[in-house]
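Structure record follows, encoded as structure tokens.
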């Protein structure tokens, strides 16, 4: 079969990405671009007017996504994206406010804000790219680094257990919690759209390859290898006990994905007294 | 602002409550805060008031998130504030820098208590003056007002919102425990007499060529766009260009940081407030602020009664420092006395601007300074020992 080179003038997401900011900073094999694509597509599919979409990011590679999305976007301080987003949402409840950030930003320095936003069940959607390490600073261990995995600050293997996001967020009170990997773009996009419409706090965790940061220390040589690992080991099971969904990339245990929490607790509303 | 929401009239009011009423009168519609003595009464009061005035009150999980929520609300167009004391003020330094960098207006009240660390939570201090100026990393200019009475807790809170909006900057109220917890007469003017300075807004419509950090006027303040207005803007705490996009180089950084500083310095005359009394023919000037200014005024009055050529200068605004005015005053005087409840923060700043002798009256905090202490200092500087002899 002959292959023909076709020049195209535009990309389907041109209207939603800041073209003058492309190429992005993500490394070859990084999964963040896939998740950003899913988010952008969900915005286009949502039917919500473009001016009502707001994205807030913290610091790190995933935090750069705010700068690539051509919507109102705020690239804030490390860990504080959620409370900044909360302020926007409470000031203008008609806006569709999304926090797009990484695991280190959301679970370590921003961990307190994450659980309290879930406890309040404030109407935000959080998209968390979990690549198991601090990628931008060169592969340090974080609160999602699997037990025993290596990192530049865990040269003898990580002696700590990682946060299990679905268990944490379910316990804290989120209305919607799901986990996918970058092997599941269709499901990610669908869940982002679902979270837009779902009142209360929604959290979508996406396991995402970081071959340069995490992979280099853990014999996952490139992004494709990690994608294959996801493909082989992921198991969709929304009934699995959440205690059992901690991630261990090095063993042969299943990596559980799916919609783990979907409930309708009353979302946070500021008190209004009508006189 | 609904006029019915302003509690116009004469009140016998707590300083923290007066601050909260000032916020309501200024049209504040968002408070995000965390309880801390001696500022808690501001949060408690607004928890009752804001739900009645169409505003949002939220108690956050800490001070890091309190100021973050305030910045988000302001970025979406609300007049927003928080209130805290030293330990919380330290945590807020992080996003104070973000407010400077993103040019997001907000009001941050620090009711100062004796410090460092937990210090004396229920007792006064004035030792956060330099933290207010330099506490967040990097070079920037800050605006800070220091109320001396519950009336000023009201008035300066209104002013703080106006200055914040006009110059797109965080504005600090550096109150202290004495003024925060003092109950005194407060007059709240009719709603229509409460001045309101609006944020500068873009001249372009969404879709037109618009750069959210481009300066079009001499005041160096770029127009402010809020979330949800269709401009599809980007705000980044990274060094950014006029479009708001990260631009990682020394030239852009220098241009941005100097503009942010110059923005305050260029407009300093409109921001600064000082109170001056008896400067004509004075040889000594007593400088003070906040609760200490109340003692200082008494001491100056007593010293003048015994013939001392002494004047009173109160820094109603602490930052930007009124250096031009102080240099003018210094031409005709021999010495400055600075009374403050810290170990010499304003005296050191003053020394940078004058060649005259600067004498500090200081203690580390925990009690109000008495007029006697300041009176004795005046007598010593005037060469009159313990103050028993009268000057001729």
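Protein chains in written order, with the working numbering: chain A, 38 to 312; chain B, 3 to 394.
Beta carbons: idealized from backbone N, C-alpha and C, even for Gly.
A quick note: this is a predicted structure, and the numbers were derived from the prediction, not measured.
In the three-state reduction of the DSSP assignment, residue 227 of chain B falls in the coil class, being assigned neither a helical nor a strand state.
Residues of chain A with a Cβ closer than 7 angstroms to the Cβ of residue 8 of chain B do not exist; the shortest Cβ-Cβ separation is about 14 angstroms. CA-to-CA, the gap between residue 294 of chain A and residue 68 of chain A works out to about 17 angstroms.
Around the Cβ of residue 99 of chain A, a 10 Å sphere holds 16 or more other Cβ atoms; the residue is buried. The beta carbons of residue 178 of chain B and residue 113 of chain B sit about 7 angstroms from each other, so the pair counts as a contact at 8 angstroms. Within the same chain, 156, 159 and 160 come within 6 angstroms of residue 24 of chain B by CB-CB distance, once the 5 residues on both sides are set aside. Taking the Cα positions, residue 182 of chain B is about 30 angstroms away from residue 149 of chain A. Buried is the label assigned to residue 166 of chain B, since at least 16 other Cβ atoms lie within 10 Å of its Cβ. The segment 187 to 213 of chain A is shown to contain whole alpha helix (DSSP H) runs of 4 or more residues at 202 to 209, in chain order.
DSSP lists no beta-bridge partner residue for residue 8 of chain B. By the rule that beta-carbons nearer than 9 angstroms mark a contact, residue 110 of chain A touches chain B. Residue pairing from DSSP places residue 90 of chain A in a beta bridge opposite A:133.
Within the DSSP secondary-structure output, residue 315 of chain B pairs in a beta bridge with B:278 and B:289. Per DSSP, residue 330 of chain B is one residue of the alpha helix (DSSP H) stretching across 325 to 332. Residue 43 of chain A and residue 72 of chain A have their C-alpha atoms roughly 26 angstroms apart. Taking 9 angstroms as the cut-off, the beta carbon of residue 275 of chain B is found closer than this to the beta carbon of residue 318 of chain B.
In the three-state scheme derived from DSSP, where H, G and I count as helix and E and B as strand, residue 222 of chain B is classed as coil. The beta strand (DSSP E) runs lying completely inside the segment 141 to 198 of chain B and spanning 3 residues or more are 145 to 147, 172 to 178 and 185 to 190, given in chain order. For the set A:160, A:164 and A:143, the Cα lying nearest the Cα of residue 170 of chain A is the one of A:143. The C-beta separation of residue 143 of chain B from residue 324 of chain B comes to about 13 angstroms, leaving the pair out of contact by the 8 angstroms criterion.
Put simply, the CB of residue 129 of chain A is near chain B, with a gap under 9 angstroms to one of its CB atoms. Taking a contact to require three or more Cβ pairs closer than 8 angstroms, the segment 203 to 217 of chain A and the segment 146 to 160 of chain A qualify as touching. Sorting B:326, B:64 and B:103 by C-alpha distance to the C-alpha of residue 355 of chain B places B:326 at the top. Inter-residue distance for residue 108 of chain A and residue 230 of chain B is about 9 angstroms (C-alpha atoms, whole angstroms). Note on residue 362 of chain B: 16 or more other CB atoms within 10 angstroms of its CB, so buried under the neighbour-count rule. Annotation: residue 114 of chain B has no Cβ neighbours in chain A at a cutoff of 7 angstroms; minimum Cβ distance is about 24 angstroms. Against residue 238 of chain B, the close residues of chain A are 104 and 112, in the order they occur along the chain (beta-carbon pairs closer than 7 angstroms). Per DSSP, residue 82 of chain B lies in no alpha helix (DSSP H); the unbroken beta strand (DSSP E) holding it starts and ends at 82 to 86. The shortest CA-to-CA distance from residue 251 of chain A to any of A:298, A:141 and A:216 is the one to A:141.
In this model, residue 368 of chain B and residue 18 of chain B are separated by some 19 angstroms (Cα to Cα). Judged by DSSP in its simplified three-state form, residue 216 of chain A adopts strand.
A residue is called buried once 16 or more other Cβ atoms fall within 10 Å of its Cβ, and residue 81 of chain A, having fewer, is exposed.
For residue 355 of chain B, no alpha helix (DSSP H) encloses it, and the DSSP letter there is neither H nor E. Listed along the chain, the chain B residues whose CB falls inside 8 angstroms of the CB of residue 169 of chain A amount to none; the nearest CB is some 25 angstroms away.
Contact of residue 138 of chain B with chain A by beta-carbon distance below 8 angstroms is absent, the smallest such distance being about 11 angstroms.
As computed with DSSP, residue 293 of chain A is found in a beta bridge with A:272.
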